[in-house]
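Per my numbering, the very first residue in the sequence shown carries number 8; after that it's consecutive.
Presented below is the structure to which this report refers.
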Amino acid sequence: MSSGYDRVVQPAAGDEALENHLGGDEAKNYRQYELDMVAPHVGRSMLEIGSGLGHFAEQFLPRLDRLVVSDFDPYCVEQLRKRFAGRDDIDVLQFGLPTDIPLEDKVDTVVMMNVLEHIEEDAEALRSLAKVTLPGGRIIIWVPGYMQLYGDFDRKVGHVQRYTPKTLRSTVAKAGLDIDVLKPINFLGGIAWWAAVRRGGVGYPDPRLVKIYDRTVVPATRLIERFITPPFGQTVFCVARVPR
Numbered sequence: 008m009s010s011g012y013d014r015v016v017q018p019a020a021g022d023e024a025l026e027n028h029l030g031g032d033e034a035k036n037y038r039q040y041e042l043d044m045v046a047p048h049v050g051r052s053m054l055e056i057g058s059g060l061g062h063f064a065e066q067f068l069p070r071l072d073r074l075v076v077s078d079f080d081p082y083c084v085e086q087l088r089k090r091f092a093g094r095d096d097i098d099v100l101q102f103g104l105p106t107d108i109p110l111e112d113k114v115d116t117v118v119m120m121n122v123l124e125h126i127e128e129d130a131e132a133l134r135s136l137a138k139v140t141l142p143g144g145r146i147i148i149w150v151p152g153y154m155q156l157y158g159d160f161d162r163k164v165g166h167v168q169r170y171t172p173k174t175l176r177s178t179v180a181k182a183g184l185d186i187d188v189l190k191p192i193n194f195l196g197g198i199a200w201w202a203a204v205r206r207g208g209v210g211y212p213d214p215r216l217v218k219i220y221d222r223t224v225v226p227a228t229r230l231i232e233r234f235i236t237p238p239f240g241q242t243v244f245c246v247a248r249v250p251r
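Structure (structure tokens):
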């Protein structure tokens, strides 16, 4: 079966790759926001899809018995092998989705941060992941939200689409998965993204603006989302469950 990655041209990954840069040193608060959203749903064994250089997955090591990192890009896989060399509790895999994932022992949690939007056969990709997830286990999905925000940046990094809760619910249901959590998040970030990228015509976020955004918008968004679930956001967050 051909991989969505094969058909979606994405810039070669690396230390300065477009999407990796958004989670770099300019965005410490945003990185913490990602971690705090995902961590409560992670069990003792985790497979991360699209691990990049391994920064995100590494944060979970203190709570895990077993970690599997993976990527489709050869550069990333090489960097992951260097980063986790000598660790018996960490496996590094290279594959694109959908596919038969070369994993003998199933995990209780799969994490995919900004990956599903690159894959045309998204429901089939989730089915591939369900096969290596224990019954009752979770697949955590973090994807860019709302086609109204789709712009040059999305095209440059190879996004097939941006999701809404409705379209992601449909994809998850097609894959035969149940849903524990499904909601838009990062409400103020969505407005800022629309203003800068869509209305402002910015093809790629300026690192200086990312730093300002991280210091001001992210903390304000987190405060708001403690009290309300916003009707819209830069991101759609989903915790899907493999049926028992």
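No residue lacks a Cβ here, since even glycine has one placed at the ideal position from N, Cα and C.
1) Going straight from the alpha carbon of Leu29 to that of Asp221, what length do you get?
2) Which term fits Met154, buried or exposed, when burial requires 16 or more other beta carbons within 10 angstroms of its beta carbon?
3) Helix, strand or coil, according to DSSP, for Tyr170 in the structure here?
4) Looking at the secondary structure, which residues open and close the beta strand (DSSP E) in which Leu54 lies?
5) Per the contact definition of three or more C-beta pairs closer than 8 Å, is the stretch 235 to 250 in contact with the stretch 127 to 146?
6) At a cut of 8 Å, does the stretch 82 to 101 reach the stretch 143 to 150 through at least three beta carbon pairs?
7) Check for me: the beta strand (DSSP E) holding Trp149 runs from which residue to which?
8) Cβ of Val118 within 9 Å of Cβ of Ile192?
9) For the structure I just gave you, are there three or more beta carbon pairs, one from the stretch 45 to 60 and one from the stretch 74 to 86, closer than 8 Å?
10) What residue range is occupied by the uninterrupted alpha helix (DSSP H) comprising Thr223?
11) Could you tell me whether the stretch 122 to 131 touches the stretch 163 to 174, using the rule of 3 or more Cβ pairs below 8 Å?
12) Considering only their Cβ atoms, is the gap separating Gly240 from Gly197 smaller than 9 Å?
13) Just checking: is the beta-carbon of Gly93 within a distance shorter than 9 Å of some beta-carbon in chain C?
14) For Tyr12, I'd like the list of residues in its chain whose CB is within less than 8 Å of its CB, leaving aside the five on either flank, ordered along the chain.
15) Report all residues from its chain with a CB closer than 8 Å to the CB of His48; omit the five preceding and five following residues, and keep chain order.
16) How big is the Cα-Cα spacing for Ile235 and Val243?
17) For Asp107, which residues from the same chain have a beta carbon less than 8 Å from its beta carbon, with the 5 sequence-adjacent residues on both sides left out?
18) So Met44 is in the alpha helix (DSSP H); what residue range does that whole segment cover?
19) Kindly indicate the opening and closing residues of the beta strand (DSSP E) around Leu123.
A quick look at the data gives this:
1) Position 22 of the sequence shown, counted from the first residue, corresponds to residue 29. Position 214 of the sequence shown, counted from the first residue, corresponds to residue 221. Confidence at Leu29 is low in this model, with a pLDDT of 48, below 50, so the placement of that residue should be treated as unreliable; the coordinate-derived value is given next. Cα to Cα, the separation comes out at about 10 Å.
2) In the sequence shown, residue 154 corresponds to position 147, counting from 1. Burial call: exposed.
3) Within the sequence shown, the letter at position 163 stands for residue 170. Strand at Tyr170.
4) Mapped onto the sequence shown, residue 54 falls at position 47. Its beta strand (DSSP E) spans residues 52 to 56.
5) yes
6) no
7) Taking the sequence shown and counting its residues from 1, the one referred to as residue 149 is at position 142. Looking at the DSSP string, the run of the beta strand (DSSP E) that includes Trp149 is 140 to 151.
8) Position 111 of the sequence shown, counted from the start, is the residue given in the question as residue 118. Position 185 of the sequence shown, counted from the start, is the residue given in the question as residue 192. Not in contact: Val118 and Ile192 (Cβ atoms no closer than 9 Å).
9) yes
10) Indexing the sequence shown from 1 puts residue 223 at position 216. Thr223 -> alpha helix (DSSP H) spans 214 to 232.
11) yes
12) For the purposes of this step, residue 197 is taken as the residue at position 190 of the sequence shown. For the purposes of this step, residue 240 is taken as the residue at position 233 of the sequence shown. Going by C-beta atoms, Gly197 is nearer than 9 Å to Gly240.
13) Among the protein chains of the structure shown there is no chain C, as only one such chain exists.
14) For the purposes of this step, residue 12 is taken as the residue at position 5 of the sequence shown. Legend: pLDDT at Tyr12 = 43, less than 50; position of this residue unreliable, no value from coordinates given.
15) One-based indexing of the sequence shown puts residue 48 at position 41. Result list for His48: Thr116, Arg145, Ile147, Asp187, Val188, Val246, in chain order.
16) Sequence index remark: in the sequence shown, residue 235 carries index 228 (1-based). Sequence index remark: in the sequence shown, residue 243 carries index 236 (1-based). Using only the alpha carbons, I get a separation of about 15 Å.
17) The residue labelled residue 107 in the question sits at position 100 within the sequence shown. Ser135, Lys138, listed in sequence order.
18) Indexing the sequence shown from 1 puts residue 44 at position 37. Residues 35 to 45.
19) One-based indexing of the sequence shown puts residue 123 at position 116. Careful: Leu123 lies outside any beta strand (DSSP E) and carries neither H nor E.
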